[in-house]
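Asks:
Chains as they are written, first to last, in this note's numbering: chain A, 1 to 109; chain B, 110 to 227.
Right under this line is the structure:
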């Protein structure tokens with residue numbers, strides 16, 4: 001059960017777009033369309049941003065979008081804003097109802 | 110307002126035990142899978158365990174199998190994590206969270222800190 005692979009850091013200027021990748025295997029990301037993304041500001045609980053690869057919970061801006069190709073999922077943040085600066089984690093369902101998180105990506109705006 | 114509140118964390122010696130609790134409010138607790146997720150100091154998130162709505166299915170990360178037990182009492186809107194044979198690597202902030210959507214944890218508590226040290 002190794003963590004999904006995310007880049008440790010990503011950055012962009014206000015108004016730009018940035019994409020964060022999340023690479024797994026054929027036992028997790030590649031096997032299930034159950035990938036979620038979480039935003040975590042320092043000292044706070046995580047917040048769900050994307051679920052089932054592409055779906056946004058109510059209240060999440062449409063600047064956040066998700067996609068998947070094979071064993072790699074991606075989170076794209078468009079029109080970057082200062083408040084988007086946070087840690088982002090992907091998570092995938094794996095076999096036997098297990099779940100695996102990525103190592104996290106620190107997004108700097 | 111949907112809310113989860115954890116309790117039960119603290120300082121425990123290696124080899125010791127601790128029972129975490131989480132109480133839900135503002136939603137129908139018995140409808141959803143529930144989960145425990147932990148975060149070691151300065152580290153990333155790690156999924157620990159899941160439990161089905163009626164408690165009939167329980168699933169664990171390999172590193173805690175045989176040591177941790179997840180359970181729930183729907184009559185009290187409560188989720189539990191019994192942790193035995195604790196080791197230093199179990200030191201973390203433990204979050205209770207709800208699977209309110211498919212595969213997505215849409216409601217989180219603020220966490221309870223577990224420190225394993227002599």
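Every residue gets a Cβ at the ideal spot worked out from N, C-alpha and C, and that includes glycine.
On the three-pair Cβ rule with 8 Å, is the segment 16 to 30 of chain A touching the segment 93 to 108 of chain A?
Replies: Segments in contact, yes.
Asks: At which residues does the beta strand (DSSP E) containing residue 159 of chain B begin and terminate?
Replies: As a working mapping, residue 159 of chain B is identified with position 50 in the second chain. Where residue 159 of chain B is concerned, the enclosing beta strand (DSSP E) stretches over 154 to 160.
Asks: Applying the 10 Å Cβ sphere with the 16-neighbour rule, what's the burial state of residue 148 of chain B?
Replies: What you label residue 148 of chain B is simply residue 39 of the second chain in a count that begins at 1. Classification of residue 148 of chain B: buried, given that the 10 Å Cβ count is 16 or more.
Asks: For residue 261 of chain B, go through chain A and note every residue whose CB falls closer than 9 Å to its CB, in chain order.
Replies: What is shown of chain B runs 110 to 227, which leaves residue 261 of chain B out entirely.
Asks: Taking C-alpha atoms, which residue in B:119, B:146 and B:202 lies nearest to residue 156 of chain B?
Replies: Position 47 of the second chain, counted from the start, is the residue given in the question as residue 156 of chain B. Residue 156 of chain B has its Cα closest to that of B:146, out of B:119, B:146 and B:202.
Asks: What does the alpha-carbon distance come out to for the pair residue 101 of chain A and residue 71 of chain A?
Replies: For this step, residue 101 of chain A is matched to residue 101 along the first chain. For this step, residue 71 of chain A is matched to residue 71 along the first chain. Approximately 14 Å, taken between the alpha carbons.
Asks: Are the beta-carbon atoms of residue 167 of chain B and residue 142 of chain B separated by less than 7 Å?
Replies: The residue given as residue 167 of chain B occupies position 58 in the second chain. The residue given as residue 142 of chain B occupies position 33 in the second chain. Result no, Cβ atoms of residue 167 of chain B and residue 142 of chain B do not sit closer than 7 Å.
Asks: Can you pull the chain B neighbours of residue 89 of chain A, defined as C-beta to C-beta under 7 Å?
Replies: As a first step, residue 89 of chain A is located in the first chain; it is residue number 89 there, counting from the start. Ordered by position in chain B, the residues that pass the 7 Å Cβ test against residue 89 of chain A are 153 and 154.
Asks: Check each candidate in B:211, B:219 and B:225 and name the one with the smallest Cα separation from residue 32 of chain A.
Replies: Residue 32 of chain A sits at position 32 when you count from the first residue of the first chain. Taking only the C-alpha atoms, the option nearest residue 32 of chain A is B:211.
Asks: Who are the Cβ neighbours of residue 16 of chain A in its own chain at under 6 Å, not counting the five residues just before and after it?
Replies: Walking along the first chain from the start, residue 16 of chain A turns up at place 16. For residue 16 of chain A, where only same-chain residues beyond five positions count, the Cβ hits under 6 Å are 80.
Asks: Residue 144 of chain B to residue 185 of chain B, Cα distance in whole Å?
Replies: Position 35 of the second chain holds residue 144 of chain B. Position 76 of the second chain holds residue 185 of chain B. Cα-Cα distance, rounded: 17 Å.
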